[in-house]
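Peer 1: Encoded as structure tokens, here's the structure I'll be asking about.
Protein chains: 2
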Amino acid sequence: MLIGEYIHTIDEKNRISMPVKFRKEMGKKIIITPGLDSCLFIFTIKEWIKVSKRLSDNNNDLSFLKADQRSFNRYMFGRAAEVEIDSIGRILIPDFLKDRIGLKDKAAIIGVEDRVEVWNDKVWLQNQEVVEKQAGELAEKLGNEKTK
Amino acid sequence: MLIGEYIHTIDEKNRISMPVKFRKEMGKKIIITPGLDSCLFIFTIKEWIKVSKRLSDNNNDLSFLKADQRSFNRYMFGRAAEVEIDSIGRILIPDFLKDRIGLKDKAAIIGVEDRVEVWNDKVWLQNQEVVEKQAGELAEKLGNEKTK
DNA sequence: ATATCAAGTGGGAAAAAGTGGGAAATTAAA
DNA sequence: TTTAATTTCCCACTTTTTCCCACTTGATAT
Chain E
10 MLIGEYIHTI
20 DEKNRISMPV
30 KFRKEMGKKI
40 IITPGLDSCL
50 FIFTIKEWIK
60 VSKRLSDNNN
70 DLSFLKADQR
80 SFNRYMFGRA
90 AEVEIDSIGR
100 ILIPDFLKDR
110 IGLKDKAAII
120 GVEDRVEVWN
130 DKVWLQNQEV
140 VEKQAGELAE
150 KLGNEKTK
Chain W
10 MLIGEYIHTI
20 DEKNRISMPV
30 KFRKEMGKKI
40 IITPGLDSCL
50 FIFTIKEWIK
60 VSKRLSDNNN
70 DLSFLKADQR
80 SFNRYMFGRA
90 AEVEIDSIGR
100 ILIPDFLKDR
110 IGLKDKAAII
120 GVEDRVEVWN
130 DKVWLQNQEV
140 VEKQAGELAE
150 KLGNEKTK
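Written out as structure tokens, the structure reads:
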């Protein structure tokens, strides 16, 4: 399971090292896509196959209209990139994705169960401050939904 | 069962020793997460598997499509850490969790049935004073809910 | 009173993780 | 075809983490 927060440097060559704790699970190649909220999603190949099947399956339980789904899929697939992890655990973030979330010299790399998220470090901290305050409510809310 | 209160020191390397009474039950690795209220939760691996299953939306690979779920997962998974207990019973508390609850050089380590909580020692004491006064009422209230 | 043991604390040295940069290889441009 | 630019590969440095050993304190036993 991918968990935890790491603040790493993006060097002049756009490289950023993945936390050692993630490397085994991530394997040699990963898929990096624009994510939801101001971050990027990184999936393992295995996870990406699952996700992409679900997204493209018309029989799924998404309440999207078809046109919306097309747009969403363009967003997720059209700007996804397959990226290799180099011999010492670094990846290269394509410029168009870097720009999308305003990555500069520091990034927050976050493990969220079965995906990794990449954030501008400052945006991540701000975001967590907000979530921190709501966490209690969110827990109650999700707790209720699940025990319905 | 994990019970009792211990005040331990956090050293310069962010290490804190677990009370001997907890060690057997806790095993070799634990998961430490931001808790609810101003403390951290420590789960045994076994307990964490249970908890995380409940937290993630199991029957849905695409739980990231729901905003609330994304926020909460980022909070619970993104700021969790798997930590080894060293040969003499200490754990390492990640900086991001230490900062979250304002841990300085002393922590209160509390056994709460099947999890351990970590508090800033002073916050814990204040909190206890308040709870002390409310304990009677709280008991009534919970009693009523459970016997409904 | 002294020795012994267990629990907790502190610190040095080795190992690992993360960062930076040069040179070779590849691609693009002139 | 040569030159310039970009990308890839590899090595080296720095910082952080881990591992191990030793000290302190307080309780118990001799």
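These protein sequence lines are chains E and W, in that order. When we follow my numbering, the leftmost residue of the first sequence carries the number 10, and every step to the right adds one. When we follow my numbering, the leftmost residue of the second sequence carries the number 10, and every step to the right adds one. By construction, the Cβ of each residue, glycine as well, lies at the ideal position given by its N, Cα and C atoms.
Along the alpha helix (DSSP H) that carries E:Phe-105, what are the first and last residues, could you check?
Peer 2: Working through the first sequence from its first residue, we reach residue 105 of chain E at position 96. Per DSSP, E:Phe-105 belongs to the alpha helix (DSSP H) from 104-109.
Peer 1: Write down every uninterrupted run of the alpha helix (DSSP H) in the stretch 46-101 of chain E whose length is 4 residues or greater and which is fully enclosed by it, in chain order.
Peer 2: The qualifying runs are 54-65, 75-87.
Peer 1: Give a yes or no on whether the C-beta atoms belonging to W:Gly-111 and W:Val-132 are separated by under 9 Å.
Peer 2: In the second sequence, counting from the first residue as 1, residue 111 of chain W sits at position 102. In the second sequence, counting from the first residue as 1, residue 132 of chain W sits at position 123. Yes, these two residues count as a Cβ contact at 9 Å.
Peer 1: What does DSSP give as the partner residue(s) for W:Arg-124 in the beta ladder?
Peer 2: Position 115 of the second sequence holds residue 124 of chain W. W:Arg-124 is bridged to W:Val-121.
Peer 1: Take W:Asp-123 and list the residues in its own chain whose beta-carbon comes closer than 6 Å to its own, dropping the five residues that flank it on each side.
Peer 2: Position 114 of the second sequence, counting from 1, holds the residue named residue 123 of chain W. Cβ within range, chain order: Glu-56.
Peer 1: Quick one, which of E:Gly-44, E:Gly-98, E:Gln-137 has its alpha-carbon nearest W:Leu-74's?
Peer 2: If you number the second sequence from 1, residue 74 of chain W lands on position 65. Answer by Cα proximity: E:Gly-44.
Peer 1: Look up W:Lys-131 in the DSSP assignment and say whether it is helix, strand or coil.
Peer 2: Looking up residue 131 of chain W in the second sequence gives position 122. In this structure, W:Lys-131 counts as helix in the three-state DSSP scheme.
Peer 1: When you compare the CB of E:Gly-44 with every CB in chain W, is at least one pair closer than 9 Å?
Peer 2: Here residue 44 of chain E refers to the residue found at position 35 of the first sequence. Answer yes: the Cβ-Cβ gap between E:Gly-44 and chain W drops below 9 Å somewhere.
Peer 1: Got a sec? Which residues, its chain only, sit under 8 Å from W:Ile-19 by beta carbon, not counting five neighbours each side?
Peer 2: The sequence position of residue 19 of chain W within the second sequence is 10, counting from 1. Excluding residues within five positions, the ones whose Cβ falls inside 8 Å are Ile-25, Ile-102, Lys-107, Leu-112, Lys-113, Asp-114, Lys-115, Ala-116.
Peer 1: Which of helix, strand or coil does DSSP assign to W:Ala-22?
Peer 2: Taking the second sequence and counting its residues from 1, the one referred to as residue 22 of chain W is at position 13. It is worth fixing the name first, because residue 22 of chain W is Lys in this sequence and not Ala. Correct three-state label for W:Lys-22: coil.
Peer 1: Can the beta-carbon of E:Asp-46 be found less than 9 Å from the beta-carbon of W:Arg-79?
Peer 2: On the first sequence, residue 46 of chain E is found 37 positions in, with the first residue counted as 1. On the second sequence, residue 79 of chain W is found 70 positions in, with the first residue counted as 1. Yes. Within cutoff.
Peer 1: For the stretch 13-38 of chain W, which residues have a CB atom closer than 7 Å to at least one CB atom of chain E, in sequence order?
Peer 2: Residues passing the 7 Å Cβ filter: none.
Peer 1: Cβ atoms of W:Leu-11 and W:Glu-34: under 9 Å apart, would you say?
Peer 2: Against the second sequence, residue 34 of chain W aligns to sequence position 25. Against the second sequence, residue 11 of chain W aligns to sequence position 2. Contact flag set, yes.
Peer 1: Whose CA, out of W:Asn-136, W:Asp-77, W:Ile-97, lies closest to the CA of E:Leu-151?
Peer 2: Taking the first sequence and counting its residues from 1, the one referred to as residue 151 of chain E is at position 142. For E:Leu-151, the nearest C-alpha among the options comes from W:Asp-77.
Peer 1: Let me check one thing: in DSSP terms, what residues is W:Leu-11 bridge-paired to?
Peer 2: Position 2 of the second sequence holds residue 11 of chain W. Answer by DSSP bridge pairing, in chain order: W:Glu-122.
Peer 1: Which chain W residues are close to E:Gly-120, counting only those with a beta carbon under 7 Å from its beta carbon?
Peer 2: Taking the first residue of the first sequence as position 1, residue 120 of chain E is located at position 111. Residues of chain W passing the Cβ test: Phe-86, Gly-87.
Peer 1: For W:Leu-71 and chain E, any beta-carbon pair shorter than 9 Å?
Peer 2: Here residue 71 of chain W refers to the residue found at position 62 when the second sequence is read from its first residue. Interface residue, yes.
Peer 1: Would you kindly check if the distance between the Cβ of W:Ile-51 and the Cβ of W:Ile-100 is under 9 Å?
Peer 2: Here residue 100 of chain W refers to the residue found at position 91 of the second sequence. Here residue 51 of chain W refers to the residue found at position 42 of the second sequence. Yes; because the gap between Cβ atoms is below 9 Å, this pair is in contact.
Peer 1: Would you kindly report the start and end of the unbroken alpha helix (DSSP H) that includes E:Lys-37?
Peer 2: Translated into positions along the first sequence, residue 37 of chain E becomes position 28. It is not in any alpha helix (DSSP H) - E:Lys-37 carries neither H nor E in the DSSP assignment.
Peer 1: Pull the bridge partners of W:Lys-115 from the DSSP assignment, please.
Peer 2: In the second sequence, residue 115 of chain W corresponds to position 106, counting from 1. Looking at the DSSP assignment, W:Lys-115 forms a beta bridge with W:Thr-18.
Peer 1: Establish whether the CB of E:Gln-78 and some CB of chain W are separated by less than 9 Å.
Peer 2: What you label residue 78 of chain E is simply residue 69 of the first sequence in a count that begins at 1. Chain W contact via Cβ: absent.
Peer 1: Candidates E:Ser-96, E:Ile-39, E:Gly-120, E:Asp-104: which alpha carbon is nearest E:Ile-16's?
Peer 2: As a working mapping, residue 16 of chain E is identified with position 7 in the first sequence. Among E:Ser-96, E:Ile-39, E:Gly-120, E:Asp-104, the Cα nearest to that of E:Ile-16 is on E:Gly-120.
Peer 1: Distance, Cα to Cα, W:Val-140 vs W:Leu-134?
Peer 2: Along the second sequence, read from residue 1 onward, the residue named residue 140 of chain W stands at position 131. Along the second sequence, read from residue 1 onward, the residue named residue 134 of chain W stands at position 125. Each residue's alpha carbon lies about 10 Å from the other.
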